[in-house]
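Trainee: Below you will find the structure I want to go over with you.
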Amino acid sequence: MEPEQGFSLDLSKFIAEFDRLRGDMKANAKEGLFYAAAEMLHDSNTVEPKTPKLSGDLRGSWHAEGVSQGEDDFTVECGFNIEYAAAVHEMLQGNEQWGMVVQWSEPGSGPKYLESKLAMFGKKYLKIALSFIQDTAGAGAG
Numbered sequence: 000m001e002p003e004q005g006f007s008l009d010l011s012k013f014i015a016e017f018d019r020l021r022g023d024m025k026a027n028a029k030e031g032l033f034y035a036a037a038e039m040l041h042d043s044n045t046v047e048p049k050t051p052k053l054s055g056d057l058r059g060s061w062h063a064e065g066v067s068q069g070e071d072d073f074t075v076e077c078g079f080n081i082e083y084a085a086a087v088h089e090m091l092q093g094n095e096q097w098g099m100v101v102q103w104s105e106p107g108s109g110p111k112y113l114e115s116k117l118a119m120f121g122k123k124y125l126k127i128a129l130s131f132i133q134d135t136a137g138a139g140a141g
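In numbering that gives the first Met the number 0, the protein residues as written are 0 to 141.
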């Protein structure tokens, strides 16, 4: 009878650690998305075109809300939720929309004050969210 050849590996500890890290990564990815949303709020208030601030009500209506799309899918919905936010966001100087005419009286404010930040800084926001995942993976290594 010939002796058995080869070897076997017990991967149970690796799999258990991987499953733990995967759970931590999901939680940290959610946190990273909120930090990215907060950075977008900061940018919308400080980088032209800026969010208008006549009374402060619009800026004060900022919200960020986590939305679960299933066990492995999570998004953050963020923006301004005062009733006129969308109208002001879309208006061009002097154009009438939704029964309103906007006059961009605050220097540096203007339309698309939020949407423009995704085009300008989208990669930065992604890096913020990814950094939370990378931190988790690095913490588990070793």
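Every residue, glycine too, gets a C-beta built ideally from N, C-alpha and C.
On a predicted model such as this, the values are computed, not experimentally measured, just so you know.
V46 by DSSP, collapsed to three states: which one?
Mentor: Residue numbering aside, residue 46 sits at position 47 when the sequence shown is read from its first letter. Of the three classes helix, strand and coil, the one that applies to V46 here is coil, per DSSP.
Trainee: Give a yes or no on whether 7 Å exceeds the smallest Cβ distance from T50 to chain D.
Mentor: In the structure shown, chain D does not exist; there is a single protein chain.
Trainee: Among S104, A85, D134 and E105, which residue has its Cα nearest to the Cα of L113?
Mentor: The residue you call residue 113 lines up with position 114 of the sequence shown. Nearest option by C-alpha distance: A85.
Trainee: Along the chain, where does the beta strand (DSSP E) containing E76 start, and where does it finish?
Mentor: Within the sequence shown, the letter at position 77 stands for residue 76. E76 -> beta strand (DSSP E) spans F73 to F79.
Trainee: Less than 6 Å between C-beta atoms, sequence neighbours within five positions excluded: which residues of the same chain meet that for E47?
Mentor: Reading the sequence shown from its first residue, position 48 is the one you call residue 47. If we look at E47 and ignore the five residues flanking it on each side, its Cβ neighbours are G107.
Trainee: Which of the three DSSP states is assigned to G65 in this structure?
Mentor: Taking the sequence shown and counting its residues from 1, one reaches residue 65 at position 66. Three-state result, G65: strand.
Trainee: Grouping DSSP H, G and I as helix and E and B as strand, with all else coil, what is F6?
Mentor: Taking the first residue of the sequence shown as position 1, residue 6 is located at position 7. Three-state DSSP puts F6 in coil, outside helix and strand.
Trainee: Which residues mark the beginning and the end of the alpha helix (DSSP H) in which E89 is found?
Mentor: As a working note, residue 89 is residue 90 in the sequence shown. Looking at the DSSP string, the run of the alpha helix (DSSP H) that includes E89 is A84 to E89.
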